[in-house]
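S.K.:
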Amino acid sequence: MDIENSIMATKQGFEHSFSSGDFYNRQTQDEHHLNNILDFLPLKADMKILDLGTGSGYLSFPIAQKNPNISIIGLDIVEKALEVNRSRAKEENIRNISFISYDGINFPFADSEFDMVISRYALHHFPDIQKSISEVSRVIRQRGFLFISDPTPNVNDISRFVDGYMQLKKDGHIKFYTKDEWLQICGKYGLQFKKSFGSTIRFPKKKDTAYGFDELLKKHDKKIIESYELEVVGNEIYITEQVNNILFFKR
């Protein structure tokens with residue numbers, strides 16, 4: 395895998411997605427899920443939090459607004475989104491939030507700088523997940539936390555239909571990980587499972603960005619496809635994805 399090209403594809407894909415506004419919001423926003431995450435996180439005063447792959451600041455802004463004594467930094471490769479976030483923070487006078495861009499590989503932070511790292515719907519785009527989780531562990535203090543929220547293949551999907559489906563849009567999707575895979579990867583870097591909850595996302599995709607969709611359907615068992623409740627409505631394709639929401643702590 396060419397890591398630099400993968401990162402560039404993700405950056406370009408999300409610059410386009412963020413510019414599409416309402417459709418991107420329909421793909422990713424879910425108030426019920428957001429509230430469940432906010433209730434689930436072990437937030438405490440004076441924490442310093444890193445939001446990895448922050449995007450539009452979907453987690454960062456509500457955490458900062460509801461917890462003025464917490465400092466939060468949103469990290470992403472998509473500078474255009476970060477510029478919008480900075481403008482919003484200034485307009486809304488949110489002073490405990492900032493946004494930083496990086497190269498998609500090395501985190502621009504010191505060791506043990508954060509009490510918690512959080513990431514929602516981002517890590518499946520990271521081309522070197524081992525390096526990224528090692529960086530996550532490096533910047534978390536002892537007894538600090540990592541929270542991951544990311545879709546996962548359902549139990550029927552032995553052929554990884556969902557990864558092929560997500561890769562139809564050329565935005566750098568690499569892979570959805572199972573809970574067991576997350577436990578193995580994170581455990582390798584001293585991050586221990588604490589608790590989790592499950593959720594779902596009904597994910598829309600524009601058919602004109604799903605290059606090779608019909609060919610993909612022919613490659614996979616009908617029962618696997620049906621397990622995602624796939625539905626085509628006009629120019630949009632919908633599937634229902636399971637989501638892992640996992641909290642780890644650093645030993």
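Numbering-wise (my numbering), the sequence shown opens with residue 395 and increments by one.
Glycine is no exception: its CB is placed at the ideal position from the N, C-alpha and C atoms.
Whether or not the segment 554-568 and the segment 524-544 are in contact is what I'm after, with contact meaning three or more pairs of Cβ atoms, one per stretch, closer than 8 Å; do they touch?
M.R.: Too few Cβ pairs lie closer than 8 Å, so no.
S.K.: What's the call for Gly-468, buried or exposed, on a 16-neighbour Cβ count within 10 Å?
M.R.: Looking at its Cβ environment, which holds 16 or more other Cβ atoms inside 10 Å, Gly-468 is buried.
S.K.: Quick check on Gln-423: buried or exposed, where buried means 16 or more other Cβ atoms within 10 Å of its Cβ?
M.R.: Exposed.
S.K.: For Gly-606, which residues of its own chain have a beta-carbon under 8 Å away from its beta-carbon, when the five flanking residues on both sides are left out?
M.R.: Cβ within range, chain order: Leu-562.
S.K.: Please identify the residue among Ile-466, Thr-546, Leu-428 and Ile-579 whose C-alpha is closest to the C-alpha of Asp-664.
M.R.: Residue coverage of the chain in this structure runs from 395 to 645, which leaves residue 664 outside it and unanswerable.
S.K.: Please go through the same chain and pick out, in chain order, the residues whose beta-carbon is closer than 7 Å to the beta-carbon of Ile-466, but skip the five residues on each side of it.
M.R.: Excluding sequence neighbours, Ile-466 sits near Ile-443, Asp-445, Ser-454, Ile-457, Ala-458, Asn-490 and Ile-491.
S.K.: Going by DSSP, what residue range makes up the beta strand (DSSP E) through Leu-469?
M.R.: Start and end: 465-470.
S.K.: Going by alpha carbons, who is nearest to Lys-585 out of Val-637, His-518, Gly-566 and Arg-645?
M.R.: This sequence places Leu at residue 585; Lys is not what is there. For Leu-585, the nearest C-alpha among the options comes from Arg-645.
S.K.: Mind pulling the alpha helix (DSSP H) runs of 4 or more residues that sit fully within the segment 454-526?
M.R.: Counting only runs of 4 or more, we get 454-460 and 473-485.
S.K.: Buried or exposed: His-426, going by 16 or more other Cβ atoms within 10 Å of its Cβ?
M.R.: Exposed.
S.K.: Measure how close the beta-carbons of Gly-449 and Asp-470 come, nearest whole angstrom, since I'm counting them as under 8 Å.
M.R.: That belief holds up - the Cβ atoms of Gly-449 and Asp-470 are roughly 6 Å apart, short of 8 Å.
S.K.: Pick out whichever of Phe-591, Gln-636, Ala-516 and Arg-482 has its Cα sitting closest to the Cα of Asn-429.
M.R.: Closest option to Asn-429, Cα to Cα, is Phe-591.
S.K.: Give a yes or no on contact between the segment 626-636 and the segment 539-558, applying the rule of three or more CB pairs nearer than 8 Å.
M.R.: Segments in contact, yes.
S.K.: Is the beta carbon of His-518 less than 8 Å from the beta carbon of His-567?
M.R.: Contact: yes.
S.K.: Leaving out the 5 sequence neighbours to the left and right, which residues in its chain are closer than 6 Å to Ala-516 when beta-carbon positions are compared?
M.R.: So the qualifying residues of the chain are Gly-447.
S.K.: Any idea which residues DSSP pairs Pro-545 with across the strands?
M.R.: Per DSSP, Val-637.
S.K.: State the Cα-Cα distance for the pair Leu-609 and Thr-603, rounded to the nearest angstrom.
M.R.: A quick correction: the sequence has Glu, not Leu, at residue 609. C-alpha separation (whole angstroms): 14 Å.
S.K.: Compute the Euclidean distance between the alpha carbons of Ile-552 and Arg-480, then round it to the nearest angstrom.
M.R.: Their backbone Cα atoms lie some 42 Å apart in a straight line.
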